[in-house]
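Chemist: There's a structure below that I have some questions on.
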Amino acid sequence: MPLDEPQIPKSDDLRQRWLDLRQAKPGIRNRDAAEALAVSEAALIASGLSEKTIRLQPDWPGLFARLPKLGKVMALTRNETVVHERRGTYSEASFNDHVGLVLGPDIDLRIFLKSWRFIFAVEEESRRGTLRSLQVFDKSGTAVHKIYAEDGTDAAAWAALIGDLRAPIQSAQLDLSIAPAKAAPRADGEIDAAALLEDWQNLKDTHDFVPLLMKHKAQPNQAFRLAEGRFTARLGTDAVRNLLNTASERAVPIMVFVGNPGIIQIHSGPVMRIQTVGEWLNVLDPEFNLHLREDKVAEVWRVEKPTVDGIVTSVEVFDATGERMATFFGKRKPGEPELEAWRGLVRSLGAAA
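Just so you know, the UniProt record's numbering puts 33 at position 33 of the sequence shown, and the rest follows in order with no gaps.
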């Protein structure tokens, strides 16, 4: 939850209000409890410091060096409208300054450490039994990334990680800072659309697209509007549901990107069990779960980017504030052309009314 101002409530008082809320609303999620109590999720977790909630040192290289030893875990990344859960084993991470990569067959991450600030080891009871997790938060106390122990997790390695990284002072006080306000986008007319489209035409790699946006000082969905009819097409707001159902029916392997300012988490492979529950559109597979607030979908775009491997097509989803919810690609690796089955799937998605 973004903070209007840094809040450091007394931990004992907050802890009691949290306990009262959980008694009144059994099963309430911590994120929702924090919002109801008008505090950050990190402050909520810190209020419960005990033998079961432990503050860890923000030693990010040390953390990632230990994660592969845990064995199978569940990695969770979310933003305001989408939750991405992937089970597997962390591979060794590599870092270039504050940017890191975990390139595993199961857990695939792009890491931006400038947004990482606090970390806790948490053990709590739920309807599913005891949940053990490592929870990372940014400077405003908003969750960045969480790692949950599974049946196949190495319990000794988990305990050793907590013991090695345990903070010497178990303080509930957090040096929170206000989440920076998002800069207002430039008006479309202030952007040189012809120059943007010329640079777009000359792309060689999908990774060059973010620098292109930065060069032209354009927001992603703003650039998509300016490129509509040439490189982009607006799709209906039901396109995500249709995409997932068609990928499941046709057994088309896809890539699902979900992120926040601190991390992007990627699933590559099939999606099988698609189910809608209330406002949530879900993928409920053994190793991959996706939970997307379909009622928050405001814009969906089919986007084509030239590369040395040919055109790469994505489906990109935004909420009403212009925040990216999720991005979908056909499964591919650099040096390989895009799957024709993926292109056919995307072409089958209906245009916006």
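Cβ coordinates follow ideal geometry from the N, Cα and C atoms, glycine included.
Within 10 angstroms of the Cβ of ALA155, are there 16 or more other Cβ atoms? Answer buried if so, exposed if not.
Modeler: Here residue 155 corresponds to residue number 155 of the sequence shown, with the count starting at 1. ALA155 is exposed by the Cβ-count criterion.
Chemist: Excluding five sequence neighbours on each side, which residues of the same chain lie with their C-beta closer than 6 Å to the C-beta of LEU131?
Modeler: Taking the sequence shown and counting its residues from 1, one reaches residue 131 at position 131. Excluding residues within five positions, the ones whose Cβ falls inside 6 Å are GLU124.
Chemist: Is it the case that the Cβ atoms of VAL256 and VAL317 are separated by a distance below 8 Å?
Modeler: In the sequence shown, the residue the question calls residue 256 occupies position 256. In the sequence shown, the residue the question calls residue 317 occupies position 317. The answer is no: Cβ separation not under 8 Å.
Chemist: Quick one, which of ALA184, PHE288, ASP309, TRP301 has its alpha-carbon nearest VAL346's?
Modeler: As a position in the sequence shown, residue 346 is number 346, starting the count at 1. Among ALA184, PHE288, ASP309, TRP301, the Cα nearest to that of VAL346 belongs to TRP301.
Chemist: What span of residues does the alpha helix (DSSP H) with MET214 cover, start to end?
Modeler: Residue numbering aside, residue 214 sits at position 214 when the sequence shown is read from its first letter. Unbroken alpha helix (DSSP H) run through MET214: 209-216.
Chemist: Counting along the chain, where does the alpha helix (DSSP H) carrying TRP301 start and finish?
Modeler: As a working mapping, residue 301 is identified with position 301 in the sequence shown. Unbroken run through TRP301 is the beta strand (DSSP E), 299-305; no alpha helix (DSSP H).
Chemist: Where ALA75 and LEU174 are concerned, what is the direct C-alpha to C-alpha distance, given to the nearest angstrom?
Modeler: Taking the sequence shown and counting its residues from 1, one reaches residue 75 at position 75. Taking the sequence shown and counting its residues from 1, one reaches residue 174 at position 174. ALA75 and LEU174: Cα-Cα distance of roughly 24 Å.
Chemist: Among residues of its own chain, excluding the 5 on either side of LEU242, which ones have a beta-carbon nearer than 6 Å to its beta-carbon?
Modeler: The residue you call residue 242 lines up with position 242 of the sequence shown. According to the sequence shown, residue 242 is Asn rather than Leu. The residues are LEU349.
Chemist: Assuming PHE137 and ALA34 form a contact by the criterion Cβ under 8 Å, report the distance between their Cβ atoms to the nearest whole angstrom.
Modeler: Numbered from its first residue, the sequence shown carries residue 137 at position 137. Numbered from its first residue, the sequence shown carries residue 34 at position 34. Wrong, their Cβ atoms sit about 11 Å apart, outside the cutoff.
Chemist: DSSP three-state label for PHE329, please.
Modeler: As a working mapping, residue 329 is identified with position 329 in the sequence shown. Three-state result, PHE329: strand.
Chemist: Can ARG110 and ILE264 be called in contact, C-beta distance under 8 Å?
Modeler: Mapped onto the sequence shown, residue 110 falls at position 110. Mapped onto the sequence shown, residue 264 falls at position 264. It is a contact, given that the beta carbons lie within the stated cut-off.
Chemist: CB-CB under 8 Å to ILE58, same chain, minus the five flanking residues each way: which ones, in chain order?
Modeler: Along the sequence shown, one-based indexing puts residue 58 at 58. One detail in the question is off: residue 58 reads as Pro in this sequence, not Ile. Around PRO58: TRP116, ARG117, PHE118, ILE119.
Chemist: DSSP puts residue 355 in a beta bridge; with which residues?
Modeler: The requested residue 355 does not occur in the structure, where the chain is confined to residues 1 to 353.
Chemist: Just to confirm my understanding: we take THR89, look at its own chain, exclude 5 residues before and 5 after, and list those with CB closer than 8 Å. What are they?
Modeler: Position 89 of the sequence shown, counted from the start, is the residue given in the question as residue 89. For THR89, where only same-chain residues beyond five positions count, the Cβ hits under 8 Å are PRO68, LEU70, GLY71, LYS72, VAL73, GLY104, ASP106, ILE107.
Chemist: Confirm, please, whether the CB-CB distance from VAL82 to LEU244 is below 8 Å.
Modeler: Counting from one through the sequence shown, the residue named residue 244 turns up at place 244. Counting from one through the sequence shown, the residue named residue 82 turns up at place 82. No, Cβ-Cβ distance for LEU244 and VAL82 is not below 8 Å.
Chemist: For the alpha helix (DSSP H) containing ALA156, name the first residue and the last one.
Modeler: Numbered from its first residue, the sequence shown carries residue 156 at position 156. Counting along the chain, the alpha helix (DSSP H) containing ALA156 begins and ends at 155-165.
Chemist: Residues bridged to ARG78 by DSSP?
Modeler: By 1-based counting over the sequence shown, the position of residue 78 is 78. DSSP, once it has assigned bridges, lists VAL83 as partnering ARG78.
Chemist: By the DSSP assignment, the beta strand (DSSP E) with LEU96 in it spans what residues?
Modeler: Here residue 96 refers to the residue found at position 96 of the sequence shown. The sequence given here places Asn at residue 96; Leu does not occur at that position. Element bounds for ASN96: 93-96.
Chemist: Leaving out five residues on either side along the sequence, give the residues of the same chain with a beta carbon under 6 Å from the beta carbon of ALA93.
Modeler: The residue labelled residue 93 in the question sits at position 93 within the sequence shown. PHE64, GLY100, VAL102.
Chemist: Could you round the C-beta distance between GLY141 and LEU176 to whole angstroms and report it? I think they count as a contact, below 8 Å.
Modeler: Within the sequence shown, the letter at position 141 stands for residue 141. Within the sequence shown, the letter at position 176 stands for residue 176. With 8 Å as the limit, GLY141 and LEU176 qualify as a contact, their Cβ atoms being about 5 Å apart.
Chemist: Taking 7 Å as the limit between beta carbons, can you name the residues of its chain near TRP352, skipping five residues before and five after?
Modeler: Position 352 of the sequence shown holds residue 352. Here the sequence assigns Ala to residue 352, which means Trp is not the residue at that position. Only ARG234, LEU235, GLY236 meet the Cβ criterion.
Chemist: Look at the Cβ atom of VAL144, then the Cβ atom of ASN30, and state whether they are nearer than 8 Å.
Modeler: As a working mapping, residue 144 is identified with position 144 in the sequence shown. As a working mapping, residue 30 is identified with position 30 in the sequence shown. Cβ distance not < 8 Å, so VAL144 and ASN30 don't count as in contact.
Chemist: Identify, in the order they occur along the chain, each residue of the same chain with its Cβ nearer than 7 Å to the Cβ of GLN201, setting aside the five sequence neighbours on each side.
Modeler: Indexing the sequence shown from 1 puts residue 201 at position 201. Around GLN201: PRO306.
Chemist: Pull up the DSSP beta-bridge partners for GLY88, would you.
Modeler: Position 88 of the sequence shown, counted from the first residue, corresponds to residue 88. VAL73.
Chemist: Going by other Cβ atoms of all chains shown within 10 Å of its Cβ, with 16 needed for buried, is VAL283 buried or exposed?
Modeler: On the sequence shown, residue 283 is found 283 positions in, with the first residue counted as 1. That one is buried.
Chemist: Out of VAL308, GLU279, PHE328, LEU226, which one is the CA nearest neighbour of SER268?
Modeler: The residue labelled residue 268 in the question sits at position 268 within the sequence shown. Considering only alpha carbons, the answer is PHE328.
Chemist: Less than 8 Å between the C-beta atoms of ILE169 and VAL122, yes or no?
Modeler: Along the sequence shown, one-based indexing puts residue 169 at 169. Along the sequence shown, one-based indexing puts residue 122 at 122. Taking 8 Å as the Cβ cut-off, ILE169 and VAL122 do not qualify as a contacting pair.
Chemist: Start and end of the alpha helix (DSSP H) containing TRP342?
Modeler: As a first step, residue 342 is located in the sequence shown; it is residue number 342 there, counting from the start. TRP342 -> alpha helix (DSSP H) spans 340-347.
Chemist: Under 8 Å between the Cβ atoms of ALA218 and LEU196?
Modeler: Locating residue 218 in the sequence shown gives position 218, counting from the first residue. Locating residue 196 in the sequence shown gives position 196, counting from the first residue. Yes.
Chemist: Looking only at its chain, what residues have a beta carbon closer than 6 Å to the beta carbon of GLN7, apart from the 5 residues adjacent to it on each side?
Modeler: As a first step, residue 7 must be located in the sequence shown, where it is residue number 7. Residue confidence for GLN7 is low, a pLDDT of 46 falling below 50, so the modelled location carries little weight; the figure read from the coordinates is stated next. Counting only Cβ-Cβ distances below 6 Å, and skipping sequence neighbours, we find VAL39.
Chemist: Under the assumption that VAL303 contacts PHE224 (Cβ atoms under 8 Å), give the Cβ distance between them as a whole number of angstroms.
Modeler: Here residue 303 refers to the residue found at position 303 of the sequence shown. Here residue 224 refers to the residue found at position 224 of the sequence shown. Sure, about 6 Å apart at Cβ, within 8 Å.
Chemist: Enumerate in chain order the residues of its own chain whose CB-to-CB distance from residue 357 is below 7 Å, with the five nearest sequence positions on each side excluded.
Modeler: Residue 357 cannot be examined here, being either before or after the span of the chain that is shown, 1 to 353.
Chemist: Answer with buried or exposed for ASN96, where buried requires no fewer than 16 other C-beta atoms within 10 angstroms of its C-beta.
Modeler: Within the sequence shown, the letter at position 96 stands for residue 96. So ASN96 ends up on the exposed side.
Chemist: Can you give me the C-alpha to C-alpha distance between PRO180 and ALA320, rounded to a whole angstrom?
Modeler: The sequence position of residue 180 within the sequence shown is 180, counting from 1. The sequence position of residue 320 within the sequence shown is 320, counting from 1. Distance between the alpha carbons of PRO180 and ALA320: 19 Å.
Chemist: Tell me which same chain residues have a C-beta within less than 6 Å of the C-beta of ALA187, skipping the five on either side of it?
Modeler: Translated into positions along the sequence shown, residue 187 becomes position 187. Nothing listed; no residue qualifies.
Chemist: Determine which residues share a DSSP beta bridge with SER268 and list them.
Modeler: Position 268 of the sequence shown holds residue 268. Answer by DSSP bridge pairing, in chain order: MET255.
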